[in-house]
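Peer 1: Read in order, the letters of the sequence shown are residues 0 to 193 in numbering that gives the first Met the number 0.
C-beta: ideal position from N, C-alpha, C; glycine also.
Shown below is the structure under consideration.
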Amino acid sequence: MRIDPRFWPNLLTATRIVLMPAVLAAALAGSRWWFTALIAAALAMDALDGFLARRLKAFSEFGRKLDSAADYVTLVAGVWGIALLWPDVMRRELPWVVTGLAAFLAVIVHGFVRLGRAPCYHTWASKAGAVACPLTLVPLLSGGTAAPFHAAIVWLVLAGLEEIAIALVLPDHGGEMPTVWHALRRRRARAEGG
């Protein structure tokens, strides 16, 4: 039985979700190596599923929602695993972690209040933050400087504010929205067309 190639991105995204119990099991077992390897694999799949979706023109509302759900699950498993495996770092960086999580959750809550759903905009800023934040964990968790992690959290807060601004600019959810500037253009085009 041959799988339609346009399903591959969703299969990768679903695999990320399925990996998360193993990520948590590695953290609970105290294995930093397995935890790091599995989270790294999930993050690589996150990059690959988006690349494949663009390459195969396999965009769908279901795929966007599945990708966002996988992001949420990966975030929770990652933060929980770090708290278990690097408790000293987590205690020291807790205000920054809470700030990043608050920004992330504010977007979701605002989306549900304003639009009746999580936004799933996949903005350029949020994509950059999704790449930058895990990379900043390398120096942080290996005993180096926390400055890159702090900068990534500031970036995530700004990205979250942009997503809230997009939800305020557009009265309904219109799928992916690269920036608030694109949202303003879409609103202007709708006003001129209707």
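#1: Following the continuous alpha helix (DSSP H) through Y71, name the residue where it begins and the one where it ends.
#2: Would you mind working out which of G128, F148, A127 and A129 sits nearest V137, comparing C-alpha positions?
#3: Can you tell me whether P94 is buried or exposed? The criterion is at least 16 other CB atoms within 10 Å of its CB, across all chains shown.
#4: How big is the Cα-Cα spacing for W154 and D3?
#5: Between I152 and the rest of its own chain, which residues show a CB-CB distance below 7 Å, the 5 nearest in sequence each way excluded?
#6: Just how far apart, CA to CA, sit A26 and R186?
#7: Return yes when the Cβ of F6 is within less than 9 Å of the Cβ of V22, no when it is not.
#8: Just to confirm before moving on: does the CB-CB distance between D70 and L11 stay below 9 Å?
#9: Locate the alpha helix (DSSP H) running through P147, then write down its first and last residues.
#10: For G192 and L183, what's the separation of their Cα atoms in angstroms?
#11: Take the Cβ of R15 as the centre, count every other Cβ of all protein chains shown within 10 Å, and call the residue buried at 16 or more, exposed below.
#12: Measure the alpha-carbon distance for E175 versus A36 and round it to whole angstroms.
#13: Can you have a look at D66 and say buried or exposed, based on whether 16 or more other CB atoms are within 10 angstroms of its CB?
#14: Between which two residues does the alpha helix (DSSP H) containing P20 stretch?
#15: Is it buried or exposed for A43, if we count other Cβ within 10 angstroms and need 16 for buried?
#16: Taking only the alpha-carbon atoms, compute the straight-line gap between P8 and K64 and give it to the nearest angstrom.
#17: Terminal residues of the continuous alpha helix (DSSP H) containing T35?
Peer 2: Taking the definition as stated:
#1: Position 72 of the sequence shown holds residue 71. First-last of the alpha helix (DSSP H) with Y71: E60 to L84.
#2: Taking the first residue of the sequence shown as position 1, residue 137 is located at position 138. Of the candidates G128, F148, A127 and A129, the one whose C-alpha sits nearest the C-alpha of V137 is F148.
#3: Counting from 1 along the sequence shown, the entry for residue 94 is found at position 95. P94 should be labelled exposed.
#4: Residue mapping note: residue 154 aligns to position 155 of the sequence shown, counting from 1. Residue mapping note: residue 3 aligns to position 4 of the sequence shown, counting from 1. Looking at the two C-alpha atoms, the distance is approximately 37 Å.
#5: Counting from one through the sequence shown, the residue named residue 152 turns up at place 153. Only W95, T98 and G99 meet the Cβ criterion.
#6: Translated into positions along the sequence shown, residue 26 becomes position 27. Translated into positions along the sequence shown, residue 186 becomes position 187. Taking the straight line from one Cα to the other gives about 46 Å.
#7: Reading the sequence shown from its first residue, position 23 is the one you call residue 22. Reading the sequence shown from its first residue, position 7 is the one you call residue 6. Contact flag unset, no.
#8: Walking along the sequence shown from the start, residue 70 turns up at place 71. Walking along the sequence shown from the start, residue 11 turns up at place 12. No, Cβ-Cβ distance for D70 and L11 is not below 9 Å.
#9: Along the sequence shown, read from residue 1 onward, the residue named residue 147 stands at position 148. A146 to V168 is the span of the alpha helix (DSSP H), which, as asked, contains P147.
#10: Within the sequence shown, numbered from 1, the residue matching residue 192 stands at position 193. Within the sequence shown, numbered from 1, the residue matching residue 183 stands at position 184. Answer to the nearest angstrom: the Cα atoms are 14 Å apart.
#11: Reading the sequence shown from its first residue, position 16 is the one you call residue 15. Result: buried.
#12: Sequence index remark: in the sequence shown, residue 175 carries index 176 (1-based). Sequence index remark: in the sequence shown, residue 36 carries index 37 (1-based). Cα to Cα, the separation comes out at about 30 Å.
#13: As a working mapping, residue 66 is identified with position 67 in the sequence shown. Buried is the call here.
#14: Here residue 20 refers to the residue found at position 21 when the sequence shown is read from its first residue. Its alpha helix (DSSP H) spans residues W7 to L27.
#15: In the sequence shown, residue 43 corresponds to position 44, counting from 1. Exposed, since its Cβ has fewer than 16 Cβ neighbours within 10 Å.
#16: Here the question's residue 8 lines up with position 9 in the sequence shown. Here the question's residue 64 lines up with position 65 in the sequence shown. Approximately 12 Å, taken between the alpha carbons.
#17: On the sequence shown, position 36 is the one that residue 35 refers to. Where T35 is concerned, the enclosing alpha helix (DSSP H) stretches over R31 to L55.
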